[in-house]
Amino acid sequence: MANIGDSIGSIFNENGFIPMSLEHRLNDKEEIERIEKLGGIIFNGRVNGILAVSRALGDEGSKPYVSNEPFSCIIP
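Going by numbering that gives the first Met the number 0, the sequence shown opens with residue 0, and the numbers climb by one from there.
See below:
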């Protein structure tokens with residue numbers, strides 16, 4: 000399963016809602032730490048003051064701070 004943009008991939012079963020994807024928000028501690036570790040900053044809610052997302056396809060000028068690495072998980 001994959002998601003792009005503001006959608007969240009999920010499964011509904013007898014146990015309820017199981018998220019299959021993760022929204023990488025610029026206010027998430029892990030995303031801030033990842034970007035800062037690479038030498039980037041979050042300024043005015045944007046990566047290096049320019050881009051409002053931290054994960055995207057394209058945006059080569061914002062690499063390595065903006066990642067195109069997908070989130071994946073395994074549901075037992």
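Note that beta-carbon positions come from the ideal geometry of N, C-alpha and C, so glycine has one too.
Between which two residues does the alpha helix (DSSP H) carrying I34 extend?
Position 35 of the sequence shown, counted from the first residue, corresponds to residue 34. Segment 28 to 36, the alpha helix (DSSP H) holding I34.
Between the alpha carbons of N26 and Y64, how many angstroms are there, rounded?
By 1-based counting over the sequence shown, the position of residue 26 is 27. By 1-based counting over the sequence shown, the position of residue 64 is 65. Approximately 14 angstroms, taken between the alpha carbons.
Taking contact to mean 3 or more Cβ pairs, one atom from each stretch, closer than 8 angstroms, check whether the region 22 to 40 and the region 51 to 65 are in contact.
Touching, yes, given that three or more Cβ pairs across the two stretches are closer than 8 angstroms.
With 16 other CB atoms within 10 Å as the buried threshold, where does E30 fall?
Looking up residue 30 in the sequence shown gives position 31. Classification of E30: buried, given that the 10 Å Cβ count is 16 or more.
Do you know offhand how far N14's Cα is from G39's?
For this step, residue 14 is matched to residue 15 along the sequence shown. For this step, residue 39 is matched to residue 40 along the sequence shown. Approximately 40 angstroms between the Cα atoms of the pair.
To the nearest angstrom, report how far apart D58 and L21 are at their CA atoms.
The count along the sequence shown starts at 1 and reaches residue 58 at position 59. The count along the sequence shown starts at 1 and reaches residue 21 at position 22. Those two C-alpha atoms are separated by around 20 angstroms.
In the DSSP assignment, what residue or residues form a beta bridge with G15?
Counting from 1 along the sequence shown, the entry for residue 15 is found at position 16. DSSP lists N12 as partners of G15.
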